[in-house]
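Undergrad:
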Amino acid sequence: MSILVIAEHNNAELNAATLNTVAAAKAIGGDIDVLVAGAGCAAVADAAAKVTGVNKVLLADNAAYANLLPENVSLLIAELGKGYSHILAPASTNGKNYLPRVAALLDVDQISEIIGVESADTFKRPIYAGNAIATVQSNAAIKVITVRSTGFDAVAAEGGSAAVEAVASAHDAGVSSFVGEELAKSDRPELAGAKIVISGGRGMQNGDNFEMLYKVADKLGAAVGASRAAVDAGFVPNDMQVGQTGKIVAPQLYVAVGISGAIQHLAGMKDSKVIVAINKDEEAPIFQVADYGLVADLFEAVPELEGKL
Amino acid sequence: MKVLVAVKRVVDYNVKVRVKADNSGVDLANVKMSMNPFCEIAVEEAVRLKEKGVATEIVAVTVGPTAAQEQLRTALALGADRAVLVESADELSSLAIAKALKAVVDKEQPQLVILGKQAIDSDNNQTGQMLAALSGYAQGTFASEVAVEGDSVKVTREIDGGLQTVALKLPAIVTTDLRLNEPRYASLPNIMKAKKKPLEVVKPEDLGVSTASTVTTLKVEAPAARSAGIKVKSVDELVDKLKNEAKVI
Numbered sequence: 000m001s002i003l004v005i006a007e008h009n010n011a012e013l014n015a016a017t018l019n020t021v022a023a024a025k026a027i028g029g030d031i032d033v034l035v036a037g038a039g040c041a042a043v044a045d046a047a048a049k050v051t052g053v054n055k056v057l058l059a060d061n062a063a064y065a066n067l068l069p070e071n072v073s074l075l076i077a078e079l080g081k082g083y084s085h086i087l088a089p090a091s092t093n094g095k096n097y098l099p100r101v102a103a104l105l106d107v108d109q110i111s112e113i114i115g116v117e118s119a120d121t122f123k124r125p126i127y128a129g130n131a132i133a134t135v136q137s138n139a140a141i142k143v144i145t146v147r148s149t150g151f152d153a154v155a156a157e158g159g160s161a162a163v164e165a166v167a168s169a170h171d172a173g174v175s176s177f178v179g180e181e182l183a184k185s186d187r188p189e190l191a192g193a194k195i196v197i198s199g200g201r202g203m204q205n206g207d208n209f210e211m212l213y214k215v216a217d218k219l220g221a222a223v224g225a226s227r228a229a230v231d232a233g234f235v236p237n238d239m240q241v242g243q244t245g246k247i248v249a250p251q252l253y254v255a256v257g258i259s260g261a262i263q264h265l266a267g268m269k270d271s272k273v274i275v276a277i278n279k280d281e282e283a284p285i286f287q288v289a290d291y292g293l294v295a296d297l298f299e300a301v302p303e304l305e306g307k308l
Numbered sequence: 000m001k002v003l004v005a006v007k008r009v010v011d012y013n014v015k016v017r018v019k020a021d022n023s024g025v026d027l028a029n030v031k032m033s034m035n036p037f038c039e040i041a042v043e044e045a046v047r048l049k050e051k052g053v054a055t056e057i058v059a060v061t062v063g064p065t066a067a068q069e070q071l072r073t074a075l076a077l078g079a080d081r082a083v084l085v086e087s088a089d090e091l092s093s094l095a096i097a098k099a100l101k102a103v104v105d106k107e108q109p110q111l112v113i114l115g116k117q118a119i120d121s122d123n124n125q126t127g128q129m130l131a132a133l134s135g136y137a138q139g140t141f142a143s144e145v146a147v148e149g150d151s152v153k154v155t156r157e158i159d160g161g162l163q164t165v166a167l168k169l170p171a172i173v174t175t176d177l178r179l180n181e182p183r184y185a186s187l188p189n190i191m192k193a194k195k196k197p198l199e200v201v202k203p204e205d206l207g208v209s210t211a212s213t214v215t216t217l218k219v220e221a222p223a224a225r226s227a228g229i230k231v232k233s234v235d236e237l238v239d240k241l242k243n244e245a246k247v248i
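Taken in sequence, the protein lines are chains A and B.
Residue 303 in numbering that gives the first Met the number 0 sits at position 304 of the first sequence, with consecutive numbering throughout.
Residue 233 in numbering that gives the first Met the number 0 sits at position 234 of the second sequence, with consecutive numbering throughout.
1) At the 8 Å Cβ level, is A:T244 part of the contact set with chain B, yes or no?
2) Comparing the C-beta of A:N138 with each C-beta of chain B, is any distance below 8 Å?
3) What's the gap between the Cα of B:M32 and the Cα of B:V18?
4) Return the residue from the list A:I114, A:A63, A:A65 that minimises the CA-CA distance to A:A88.
5) Looking at the C-beta of B:M32, does it have a partner C-beta in chain A at a distance below 8 Å?
6) Measure the beta-carbon distance from A:S111 to A:R124 and round it to whole angstroms, keeping in mind my assumption that it falls under 8 Å.
7) Just reading off the alpha helix (DSSP H) that A:L18 is part of, what are its end residues?
8) Starting from B:E148, follow its DSSP beta bridges and name the residues at the other end.
9) Report the three-state DSSP secondary structure of A:S73 (helix, strand or coil).
10) Going by the beta-carbon positions, is the gap between A:I247 and A:N278 smaller than 8 Å?
11) If we ignore side chains and look at the alpha-carbon of each, how far apart do A:N66 and B:V9 end up?
12) Of all the options B:T174, B:K1, B:S151, which has the alpha carbon lying nearest to the alpha carbon of B:E131?
13) Considering only residues of the same chain and omitting the five flanking positions on each side of A:G325, which have a CB-CB separation below 6 Å?
14) Just by C-beta distance, which residues in the segment 95-110 of chain B are closer than 7 Å to chain A?
15) DSSP beta-bridge partners for A:R124?
16) With C-beta atoms as the reference, is A:I197 less than 8 Å away from A:V223?
17) Do we get a CB-CB distance below 8 Å when we pair B:L177 with the residues of chain A?
18) Taking the alpha carbon of A:T20 as the reference point, which residue from A:S168, A:G245, A:V154 has its own alpha carbon closest?
19) Buried or exposed: which applies to B:M191, given that a residue is buried once 16 or more other Cβ atoms fall within 10 Å of its Cβ?
20) Would you say A:F151 reaches chain B, if we count a Cβ-Cβ gap shorter than 8 Å as a contact?
21) Please determine if the segment 291-298 of chain A and the segment 213-233 of chain B are in contact, where contact requires at least 3 C-beta pairs separated by less than 8 Å.
22) Could you please give me the residues that DSSP links to A:I274 through a beta bridge?
23) Shorter than 8 Å from the beta carbon of B:I119 to some beta carbon of chain A?
24) Output yes if chain A places a C-beta closer than 8 Å to the C-beta of B:V16; else output no.
25) Assuming A:F151 contacts A:A23 (C-beta within less than 8 Å), just tell me the rounded distance between them.
26) Assign A:V35 to one of two classes, buried (16 or more other C-beta atoms within 10 Å of its C-beta) or exposed (fewer than that).
27) Strictly by DSSP, which residues pair up with A:F311?
28) Looking only at C-alpha atoms, which of B:K240, B:A224, B:T215 sits nearest to B:D89?
29) Using 8 Å as the cut-off, can you tell me whether the segment 70-89 of chain B makes contact with the segment 178-190 of chain B, which would need three or more C-beta pairs spanning the two stretches below that distance?
30) Mark A:M0 as exposed unless 16 or more other C-beta atoms lie within 10 angstroms of its C-beta, in which case mark it buried.
31) Using the C-alpha atoms, what's the distance from B:L133 back to A:A162?
32) Taking 8 Å as the threshold (beta carbon to beta carbon), is A:N96 in contact with chain B?
33) Rounded to whole angstroms, what's the CA-CA distance from A:D30 to A:L3? Just pull it up for me.
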């Protein structure tokens with residue numbers, strides 16, 4: 000068996016989700032090649048070559064792949080992927096964007112967001128917002144799979160010494176172009192990989208009040224997230240949303256502040272090791288999953304918490 | 000221009016599903032079914048395009064069981080002009096659904112196809128992208144803003160790091176994210192009117208589409224239950240527990 004893992008990166012750095020995806024590939028077993036597609040991304044390929052367990056790195060460095068436009072990059076992956084038994088990508092917004100396109104080009108079903116590998120053709124994945132776990136088996140010639148990072152412990156970023164091989168093929172479908180992006184800038188850790196996450200919900204009342212959470216986060220080295228209600232209300236931007244259709248996190252400690260605990264939110268954080276809930280409504284469903292619940296007014300409890308850390 | 004909007008019949012988002020005792024699936028007997036929330040957003044966007052004079056006709060389509068006519072009627076009540084049901088009693092994979100939708104796209108020739116980014120039952124997030132690949136069209140997934148400008152559409156997308164804007168040549172595929180719009184409710188007169196709007200029923204085989212799948216579900220289980228912990232009485236106690244019991248700070 001041979002597995003092609005698609006690297007997640009920003010043309011400068013290899014994203015850690017790649018390491019979890021390589022871990023899923025290792026669980027399947029076989030030679031693991033990593034594809035780095037982008038523009039001016041040679042440094043990413045060098046980083047990928049150092050990842051433990053990687054056999055070979057394919058570097059497709061071309062302007063057509065600059066922003067991982069799915070129309071272009073799917074043609075590349077479908078071409079290269081024909082020689083592999085499995086194609087794996089992180090279930091990031093990039094992977095979710097281009098990989099189903101690859102599956103359709105190869106005329107096979109995709110298996111989305113696996114959280115476990117039972118064997119080379121059998122996988123576990125959550126359905127119904129994580130309220131059920133399906134075990135699915137694929138008889139496709141090429142198994143096309145996205146990997147939920149929280150389901151697999153990352154492999155070591157160092158220790159490997161794979162060769163980097165340049166891929167010449169340039170696919171430009173000519174139907175889409177990149178216009179621009181607004182990326183959130185933050186010195187805090189990324190939500191997806193943070194060891195501690197503190198999230199606010201509707202109970203925060205407005206965006207300014209999130210400042211209280213930022214202060215606690217900075218003391219703990221935590222990332223800050225939010226419930227859908229807080230994002231919909233415009234308190235904070237969409238990239239902070241934790242939940243079924245937002246970011247899936249599983250940190251060592253998750254602190255939910257003023258979050259009631261809708262099933263869609265729980266789907267994004269219930270695999271956290273320790274969950275703390277602070278909410279003034281003692282009937283809030285979040286307390287049913289919390290290891291430590293504090294029934295209190297968050298406007299008193301959060302500043303007090305910050306003072307005591 | 001013609002807009003095709005695809006919808007799916009799913010378990011209502013407020014229902015907490017239960018796994019069947021024999022682990023063959025989730026129990027859908029006597030459970031409230033609704034239009035997938037992301038599909039409601041797709042219908043709303045199509046209706047707004049028509050209200051702006053950008054869209055001239057809205058065709059709603061679904062691939063599903065006979066009962067999915069209910070969701071098509073909802074789409075008609077919200078403002079779609081006519082509807083197509085590709086009827087199949089089987090649970091189809093995203094690829095099979097994308098192939099059926101591709102056949103409808105070939106027939107209808109819409110300039111824009113709007114779908115929800117994912118269905119809240121299977122949580123696959125695949126159909127729109129697959130339809131785009133099969134059609135050779137550009138795709139704007141996870142859209143929070145859609146602007147048709149001449150022969151292209153500008154789509155702002157919700158991505159992990161923030162927002163990204165792409166320009167797509169028409170015809171194109173758009174999948175909706177939560178912040179694209181807030182869907183309206185159907186009014187009673189419109190619900191009555193919807194009953195008279197045309198609804199065509201076709202079978203996958205009429206469209207020459209194979210519904211075979213390469214994936215089999217072996218079993219469905221309930222996730223490991225998480226039991227409620229304890230209530231602490233004060234911030235001091237909380238900090239103490241986190242430091243000395245859970246040892247996470």
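Note that the Cβ used here is the ideal one computed from N, Cα and C, for glycine as well.
Just so you know, these numbers come straight off a predicted model, no measurement behind them.
TA: On the basis of the coordinates in this document:
1) Stepping through the first sequence from its first residue, residue 244 of chain A is reached at position 245. Judged by the 8 Å Cβ criterion, A:T244 is in contact with chain B.
2) Numbered from 1 along the first sequence, position 139 holds the residue referred to as residue 138 of chain A. A:N138 counts as touching chain B.
3) Within the second sequence, the letter at position 33 stands for residue 32 of chain B. Within the second sequence, the letter at position 19 stands for residue 18 of chain B. Computed Cα separation, rounded: 17 Å.
4) Start at 1 with the first residue of the first sequence, and residue 88 of chain A comes out as number 89. Looking at the Cα atoms, A:I114 is the closest of the given residues.
5) Taking the second sequence and counting its residues from 1, the one referred to as residue 32 of chain B is at position 33. It does not: the Cβ of B:M32 has no partner Cβ on chain A nearer than 8 Å.
6) Here residue 111 of chain A refers to the residue found at position 112 of the first sequence. Here residue 124 of chain A refers to the residue found at position 125 of the first sequence. Cβ-Cβ separation between A:S111 and A:R124: approximately 6 Å, consistent with a contact (criterion under 8 Å).
7) Numbered from 1 along the first sequence, position 19 holds the residue referred to as residue 18 of chain A. Taken as a continuous stretch (DSSP letters only), the alpha helix (DSSP H) holding A:L18 covers 16-27.
8) Position 149 of the second sequence holds residue 148 of chain B. Residue pairing by DSSP places B:E148 opposite B:S151 in a beta bridge.
9) Numbered from its first residue, the first sequence carries residue 73 of chain A at position 74. Correct three-state label for A:S73: helix.
10) Taking the first residue of the first sequence as position 1, residue 247 of chain A is located at position 248. Taking the first residue of the first sequence as position 1, residue 278 of chain A is located at position 279. Going by beta carbons, A:I247 and A:N278 fall outside the 8 Å limit.
11) In the first sequence, counting from the first residue as 1, residue 66 of chain A sits at position 67. In the second sequence, counting from the first residue as 1, residue 9 of chain B sits at position 10. Near 34 Å, if we compare the C-alpha coordinates of B:V9 and A:N66.
12) Counting from one through the second sequence, the residue named residue 131 of chain B turns up at place 132. Before going on, a small fix: residue 131 of chain B reads as Ala here, not Glu. Measuring from the Cα of B:A131, the nearest candidate turns out to be B:T174.
13) Missing from the structure shown is residue 325 of chain A; chain A here goes from 0 to 308 and no further.
14) Going along the segment 95-110 of chain B in chain order, one finds A97 with a Cβ nearer than 7 Å to chain A.
15) To locate residue 124 of chain A, count along the first sequence from 1; it is residue 125. For A:R124, which the question treats as bridged, DSSP gives the partners A:A133.
16) Within the first sequence, numbered from 1, the residue matching residue 197 of chain A stands at position 198. Within the first sequence, numbered from 1, the residue matching residue 223 of chain A stands at position 224. Contact flag set, yes.
17) If you number the second sequence from 1, residue 177 of chain B lands on position 178. For B:L177, the nearest beta carbon of chain A is closer than 8 Å to its own beta carbon.
18) Mapped onto the first sequence, residue 20 of chain A falls at position 21. Out of A:S168, A:G245, A:V154, A:V154 has the C-alpha closest to the C-alpha of A:T20.
19) By 1-based counting over the second sequence, the position of residue 191 of chain B is 192. By the 10 Å Cβ count, B:M191 comes out exposed.
20) Mapped onto the first sequence, residue 151 of chain A falls at position 152. Chain B, which has no Cβ nearer than 8 Å to the Cβ of A:F151, makes this no.
21) Taking one beta carbon from each stretch, the segment 291-298 of chain A and the segment 213-233 of chain B have 3 or more pairs nearer than 8 Å; the two touch.
22) By 1-based counting over the first sequence, the position of residue 274 of chain A is 275. Paired residues: A:Y253.
23) The residue given as residue 119 of chain B occupies position 120 in the second sequence. True, the Cβ-Cβ gap to chain A drops below 8 Å.
24) For the purposes of this step, residue 16 of chain B is taken as the residue at position 17 of the second sequence. Yes, B:V16 counts as interfacial toward chain A.
25) Numbered from its first residue, the first sequence carries residue 151 of chain A at position 152. Numbered from its first residue, the first sequence carries residue 23 of chain A at position 24. Beta-carbon to beta-carbon, A:F151 and A:A23 are separated by about 5 Å, close enough to satisfy the 8 Å threshold.
26) Numbered from 1 along the first sequence, position 36 holds the residue referred to as residue 35 of chain A. A:V35 is buried by the Cβ-count criterion.
27) Residue numbering for chain A in the displayed model covers 0 to 308; residue 311 of chain A lies beyond these limits and cannot be assessed.
28) What you label residue 89 of chain B is simply residue 90 of the second sequence in a count that begins at 1. Measuring from the Cα of B:D89, the nearest candidate turns out to be B:T215.
29) They touch, by the three-pair rule.
30) To locate residue 0 of chain A, count along the first sequence from 1; it is residue 1. A:M0 should be labelled exposed.
31) The residue given as residue 162 of chain A occupies position 163 in the first sequence. The residue given as residue 133 of chain B occupies position 134 in the second sequence. A:A162 and B:L133: Cα-Cα distance of roughly 35 Å.
32) Taking the first sequence and counting its residues from 1, the one referred to as residue 96 of chain A is at position 97. A:N96 counts as touching chain B.
33) Taking the first residue of the first sequence as position 1, residue 30 of chain A is located at position 31. Taking the first residue of the first sequence as position 1, residue 3 of chain A is located at position 4. Between the alpha carbons of A:D30 and A:L3 lies a distance of about 9 Å.
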